[in-house]
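Residue numbers (this note's numbering), protein chains in the order written: chain Y, 2 to 203; chain V, 2 to 203. For glycine and all other residues, C-beta sits at the position ideal for the given N, C-alpha and C. Each remark here refers to the structure printed beneath this line.
There are 2 protein chains.
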Amino acid sequence: MSKPRTRIQQRNSEAILDAALEVFSQHGFRGATLDQIAEVAGLSKPNLLYYYPSKEAIHVALLSGLLDTWLDPLREMDPAGEPVEELLAYVRRKLELSRDFPRESRLFANEILQGAPRIQEAIEGDLRTLVQEKAAVLTRWMDEGRIARVHPVHLIFSIWALTQHYADFDVQVHAVLGPAEPDPYPEAHLYLETVFRRLLAV
Amino acid sequence: MSKPRTRIQQRNSEAILDAALEVFSQHGFRGATLDQIAEVAGLSKPNLLYYYPSKEAIHVALLSGLLDTWLDPLREMDPAGEPVEELLAYVRRKLELSRDFPRESRLFANEILQGAPRIQEAIEGDLRTLVQEKAAVLTRWMDEGRIARVHPVHLIFSIWALTQHYADFDVQVHAVLGPAEPDPYPEAHLYLETVFRRLLAV
DNA sequence: CCTGCAATTGACCGTCCGGTCAAATATTCA
DNA sequence: TGAATATTTGACCGGACGGTCAATTGCAGG
């Protein structure tokens, strides 16, 4: 992307991306407006377009870094490590991502819900490749009898689904648990650890 | 809602709701346009507004019936039944809902992602009540030693997350599995059955 | 056939949207 | 300081949006 030179450029383009993340993640691409983003960022609309040439450019700038960040925890899963602990560490890292970056998770969810028009090639490329690669590792672990045999790709899907649920359906989670339980993550962590320990035990 | 009297009203208001489901589920409320819905429905825009007074009214009409349909499988979970089989039956019914009504699932996901502005009270009311009620049943089963002890509400969350993932993230699922595996549901069913059998085994 | 109501639509309205532009203001640096 | 450059903005544009309305067409029953 564009490299901000001055401090003002640095500060403003960051403020824009942060505001855009806020708005895009809540309303999706078409539902978000430049005026909204400008207001959240504390800038005028023409000033937004001084830093980014179009609404789409802002969206692309947000998405471009996102997929890598999102997949990093999976990349860190070490083929040479202890299988169950590696998988549980992945679950934990992914859950922390949901807790600490829920807007990013919702931005991604919105993009996928809308058919992934802007990151389809990345999904069919990098993401698919990485998943297939890690699925091969999982299969090897199963062949070696170190974890139970299940469909490796669906195993990865289930980690995504379970962890992202707490970010994407945050409103529902809090509504069901009630105001007495303001932070569901400690319980979620315990629960998910149980789920995958029992699933993978040989 | 309004009771359609004539066959024409029946046919058209159904066509409108079907078209609106298509468009809303893909673009969210703000991202959808009446012209788009009208085109999909094969009607003129003023004709849409002859059957429904506003864009919001269409959206509300769609959502009003949805939550009940969505929760029905959970309601059917029989407190007098065999615990593991009841839970697995719930998982299966929920997964079939994802397979057969993916647009409804995405509509719901969109609404929650956007903060559930139009169904928050229903979520904090009916949905919360039902979940708490069924969580009590699960807790009783755990007390009786008929299923393993885990957090009952998170158990329900995990069923939602795992089953809805296949509808909401459909694009990603197919991209990762590739064109060789056009229908992920048989494998998903097997996988989820394994997950919950192992999780709940005493 | 006619009457009366149901259904449909072209034309239109005010507003909002993404984006442009020229002018004004701040900042940098020789 | 002053010239050059970076930043900011009010005013505006064309098109799309949600919604209205008067007028037309379709249709059922007497």
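Residue i, buried or exposed, once every other Cβ within 10 Å from all chains shown has been counted against 16
i: residue 1 of chain V; result: In the structure as shown, chain V begins at 2 and stops at 203. Residue 1 of chain V is therefore absent and cannot be evaluated.
i: residue 29 of chain Y; result: buried
i: residue 87 of chain Y; result: buried
i: residue 107 of chain V; result: buried
i: residue 181 of chain Y; result: exposed
Within 7 Å, strictly: CB atoms of residue i and residue j
i: residue 153 of chain Y; j: residue 176 of chain Y; result: no
i: residue 26 of chain V; j: residue 104 of chain V; result: yes
i: residue 155 of chain Y; j: residue 192 of chain V; result: yes
i: residue 84 of chain Y; j: residue 147 of chain Y; result: yes
i: residue 113 of chain V; j: residue 170 of chain Y; result: yes
i: residue 117 of chain V; j: residue 172 of chain Y; result: yes
i: residue 99 of chain Y; j: residue 165 of chain Y; result: yes
i: residue 196 of chain Y; j: residue 200 of chain V; result: yes
i: residue 51 of chain V; j: residue 59 of chain V; result: no
i: residue 75 of chain V; j: residue 123 of chain V; result: no
Selection from the options that minimises the alpha carbon distance to residue i
i: residue 15 of chain Y; options: Y/49, Y/31 and Y/102; result: Y/49
i: residue 95 of chain Y; options: Y/33, Y/128, Y/124 and Y/162; result: Y/162
i: residue 41 of chain V; options: V/63, V/17 and V/56; result: V/17
i: residue 63 of chain Y; options: Y/89, Y/23, Y/47 and Y/72; result: Y/23
i: residue 32 of chain Y; options: Y/141, Y/187, Y/65 and Y/56; result: Y/56
i: residue 187 of chain Y; options: Y/45, Y/97 and Y/89; result: Y/97
i: residue 160 of chain V; options: V/21, V/70, V/47 and V/89; result: V/89
i: residue 77 of chain V; options: V/145, V/134, V/184 and V/178; result: V/134
i: residue 82 of chain Y; options: Y/139, Y/106, Y/190 and Y/185; result: Y/139
i: residue 189 of chain V; options: Y/34, Y/158 and Y/70; result: Y/158
i: residue 184 of chain V; options: V/70, V/168 and V/198; result: V/168
i: residue 128 of chain Y; options: Y/174, Y/73 and Y/43; result: Y/73
i: residue 44 of chain Y; options: Y/61, Y/21, Y/65 and Y/102; result: Y/21
i: residue 102 of chain V; options: V/71, V/143 and V/115; result: V/71
i: residue 149 of chain V; options: V/61, V/198, V/39 and V/34; result: V/198
Residue-level contact to chain V via CB, residue i, 7 Å cutoff
i: residue 3 of chain Y; result: Note that residue 3 of chain Y scores 44 on pLDDT, short of 50, meaning its location in the model is unreliable and no value can be drawn from it.
i: residue 129 of chain Y; result: yes
i: residue 37 of chain Y; result: no
i: residue 195 of chain Y; result: yes
i: residue 124 of chain Y; result: yes
i: residue 91 of chain Y; result: no
i: residue 188 of chain Y; result: yes
i: residue 170 of chain Y; result: yes
i: residue 99 of chain Y; result: no
i: residue 117 of chain Y; result: yes
i: residue 159 of chain Y; result: yes
i: residue 32 of chain Y; result: yes
i: residue 166 of chain Y; result: yes
Any chain Y beta carbon closer than 7 Å to residue i
i: residue 253 of chain V; result: Because chain V here runs from 2 to 203, residue 253 of chain V falls outside it and cannot be looked at.
i: residue 198 of chain V; result: no
i: residue 272 of chain V; result: Any answer about residue 272 of chain V is impossible in this case: the structure gives chain V only from 2 up to 203.
i: residue 138 of chain V; result: no
i: residue 114 of chain V; result: yes
i: residue 61 of chain V; result: no
i: residue 107 of chain V; result: yes
i: residue 82 of chain V; result: no
i: residue 155 of chain V; result: yes
For residue i, three-class secondary structure by DSSP
i: residue 53 of chain Y; result: coil
i: residue 1 of chain Y; result: Outside the displayed span of chain Y (2 to 203) sits residue 1 of chain Y, for which this structure offers no information.
i: residue 130 of chain Y; result: helix
i: residue 32 of chain Y; result: helix
i: residue 45 of chain Y; result: coil
i: residue 164 of chain Y; result: helix
i: residue 82 of chain Y; result: coil
i: residue 184 of chain V; result: coil
i: residue 74 of chain Y; result: helix
i: residue 153 of chain Y; result: helix
i: residue 147 of chain Y; result: coil
i: residue 197 of chain V; result: helix
i: residue 26 of chain V; result: helix
i: residue 119 of chain Y; result: coil
i: residue 109 of chain Y; result: helix
i: residue 1 of chain Y; result: No answer is possible for residue 1 of chain Y: the residues shown for chain Y start at 2 and end at 203.
i: residue 138 of chain Y; result: helix
i: residue 170 of chain V; result: coil
i: residue 20 of chain V; result: helix
i: residue 176 of chain V; result: helix
i: residue 202 of chain Y; result: coil
Contact test: residue i Cβ vs the ligand HEM heavy atom, cutoff 6 Å
i: residue 56 of chain Y; result: For the ligand HEM, the structure offers nothing, since it holds no ligand at all.
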